[in-house]
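Chemist: In UniProt numbering, the protein residues as written are 1 to 242.
Cβ coordinates follow ideal geometry from the N, Cα and C atoms, glycine included.
All values derive from a computational prediction rather than experimental measurement.
Pasting a structure here, questions to come.
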């Protein structure tokens, strides 16, 4: 659910209020808990549009179709969780996540990651909107070292993977890995040309076998503390890139 909300809010920020799709986006946001019990026709009636118009909107924002939207909505709500939040517990989880990340980011993994980046003709980072600021900073720092890195929203992955060649590198950021529990997305990665890196805290999941390299990022983050581990990883890679 969090993923869809991020995509929708990003779309609303970037488009005019007069856009028909904005109406659909806002209807989906305000009825997010009800949509999983609807069919496409019922949702289209809610938005006062045709099913084909709704489907085109889903494709435009990278959600493929209504069936895919419902599948994502049924994923566990683990990205943002604020029950039982405590300041001290939050601090401890940040420190623990950084320690787990540091202990798993061996010299060998750093060297392999940098080699993949250095050897790639094109490097693309696919991430969610909530880590955009961190990846943008990495993008700027890498450019200052002479390496151009693209940062694109995960919603554009279907279109962009078709352009990749065997000389390219795709880096995916998915803390929980929920995005790759969907079979279509697993197939997409397994059929991709070029090399792939996954930055995640869920390294023992079945879908990790489709990636060339896994970078462990934190440990069971519930309050967004995985961002600190991501920043640690990207700063480490940039500092060691020569």
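My output table needs one value for residue 79: the three-state DSSP class, helix, strand or coil.
Modeler: The residue given as residue 79 occupies position 79 in the chain shown. Because residue 79 sits at a pLDDT of 49, beneath the cut-off of 50, its placement in the model cannot be relied upon, and the point is left open.
Chemist: Near residue 116, what residues of its chain come up, given a Cβ to Cβ distance below 8 Å and the 5 sequence neighbours on each side ignored?
Modeler: Your numbering for residue 116 matches position 116 in the chain shown. Result list for residue 116: 169, 195, 197, 212, 213, in chain order.
Chemist: Taking the alpha carbon of residue 97 as the reference point, which residue from 237, 221, 238 has its own alpha carbon closest?
Modeler: Your numbering for residue 97 matches position 97 in the chain shown. Out of 237, 221, 238, 221 has the C-alpha closest to the C-alpha of residue 97.
Chemist: Spell out a yes or no on whether the segment 118-130 and the segment 152-168 are touching, meaning 3 or more CB-CB pairs, one atom from each, closer than 8 Å.
Modeler: As far as the Cβ criterion goes, the segment 118-130 touches the segment 152-168, which means the pair count is three or higher.
Chemist: From the DSSP output, in three-state form, read off residue 165 for me.
Modeler: In the chain shown, counting from the first residue as 1, residue 165 sits at position 165. DSSP places residue 165 in coil when its eight states are reduced to three.
Chemist: Using a Cβ-Cβ cutoff of less than 8 Å, which residues in the same chain neighbour residue 216 once the five nearest sequence positions on both sides are dropped?
Modeler: Indexing the chain shown from 1 puts residue 216 at position 216. Cβ neighbours of residue 216 beyond the five flanking positions: 100, 101, 104, 105, 200, 201, 203.
Chemist: With 16 as the cutoff for other CB atoms within 10 Å, does residue 91 come out buried or exposed?
Modeler: Against the chain shown, residue 91 aligns to sequence position 91. When all chains shown are included, residue 91 counts as exposed.
Chemist: Beta-carbon separation of residue 61 and residue 7 under 8 Å?
Modeler: Numbered from its first residue, the chain shown carries residue 61 at position 61. Numbered from its first residue, the chain shown carries residue 7 at position 7. Yes, Cβ-Cβ distance for residue 61 and residue 7 is below 8 Å.
Chemist: According to DSSP, is residue 129 part of a helix, a strand, or is it coil?
Modeler: Within the chain shown, residue 129 is the residue found at index 129, counting from 1. Looking at residue 129 - three-state DSSP - the assignment turns out to be helix.
Chemist: Would you tell me roughly how many angstroms separate the C-alpha atoms of residue 32 and residue 234, rounded to the nearest one?
Modeler: For the purposes of this step, residue 32 is taken as residue 32 along the chain shown, with counting starting at 1. For the purposes of this step, residue 234 is taken as residue 234 along the chain shown, with counting starting at 1. Those two C-alpha atoms are separated by around 33 Å.
Chemist: Sorted by chain position, which residues of the same chain lie with C-beta nearer than 7 Å to residue 219's C-beta, five sequence neighbours on each side aside?
Modeler: Here residue 219 refers to the residue found at position 219 of the chain shown. So the list reads 96, 97, 100, 201, once near-sequence residues are dropped.
Chemist: Tell me the DSSP secondary structure of residue 105 in three-state form.
Modeler: Along the chain shown, one-based indexing puts residue 105 at 105. Looking at residue 105 - three-state DSSP - the assignment turns out to be coil, as it is neither helix nor strand.
Chemist: Determine which residues share a DSSP beta bridge with residue 71 and list them.
Modeler: Here residue 71 corresponds to residue number 71 of the chain shown, with the count starting at 1. Paired residue(s): none; residue 71 is not in a bridge.
Chemist: With DSSP as the reference, label residue 222 as helix, strand or coil.
Modeler: Taking the chain shown and counting its residues from 1, one reaches residue 222 at position 222. Of the three classes helix, strand and coil, the one that applies to residue 222 here is coil, per DSSP.
Chemist: Please determine, among 228, 180, 231, the residue with the shortest C-alpha to C-alpha distance to residue 205.
Modeler: As a position in the chain shown, residue 205 is number 205, starting the count at 1. Minimum Cα distance to residue 205 is reached at 180.
Chemist: For residue 237 and residue 141, I'd like the C-alpha separation in whole angstroms.
Modeler: Stepping through the chain shown from its first residue, residue 237 is reached at position 237. Stepping through the chain shown from its first residue, residue 141 is reached at position 141. Rounded to whole angstroms, residue 237 to residue 141 spans 10 Å at the Cα level.
Chemist: Taking the beta strand (DSSP E) that residue 208 belongs to, which residues open and close that run?
Modeler: Counted from its first residue, the chain shown places residue 208 at position 208. Unbroken run through residue 208: none, as it is neither H nor E.
Chemist: When DSSP labels each residue in this structure, what does residue 278 get in the three-state scheme?
Modeler: Limits of the chain in this structure are 1 at one end and 242 at the other, which puts residue 278 out of reach.
Chemist: Can you check which of these residues, 40, 71, 54, 136, is closest to residue 20 by C-alpha distance?
Modeler: Mapped onto the chain shown, residue 20 falls at position 20. When only C-alpha atoms are compared, the closest one is 54.
Chemist: From 241, 232, 193, 38, pick the residue whose C-alpha is nearest to that of residue 143; which is it?
Modeler: By one-based count along the chain shown, residue 143 stands at place 143. Among 241, 232, 193, 38, the Cα nearest to that of residue 143 is on 241.
Chemist: So what does DSSP say about residue 237, is it helix, strand or coil?
Modeler: Counted from its first residue, the chain shown places residue 237 at position 237. If DSSP states are grouped into helix, strand and coil, residue 237 belongs with the helices.
Chemist: On the criterion of 16 or more Cβ atoms from any shown chain inside 10 Å, does residue 136 qualify as buried, or is it exposed?
Modeler: For the purposes of this step, residue 136 is taken as the residue at position 136 of the chain shown. By the neighbour-count rule (16 or more Cβ atoms within 10 Å), residue 136 is not buried but exposed.
Chemist: Where does residue 150 fall in DSSP's three states?
Modeler: Translated into positions along the chain shown, residue 150 becomes position 150. Reduced to three states, the DSSP call for residue 150 is strand.
Chemist: Using three-state DSSP, classify residue 199 as helix, strand or coil.
Modeler: Taking the chain shown and counting its residues from 1, one reaches residue 199 at position 199. In the structure shown, residue 199 sits in a strand (DSSP, three-state: E or B).
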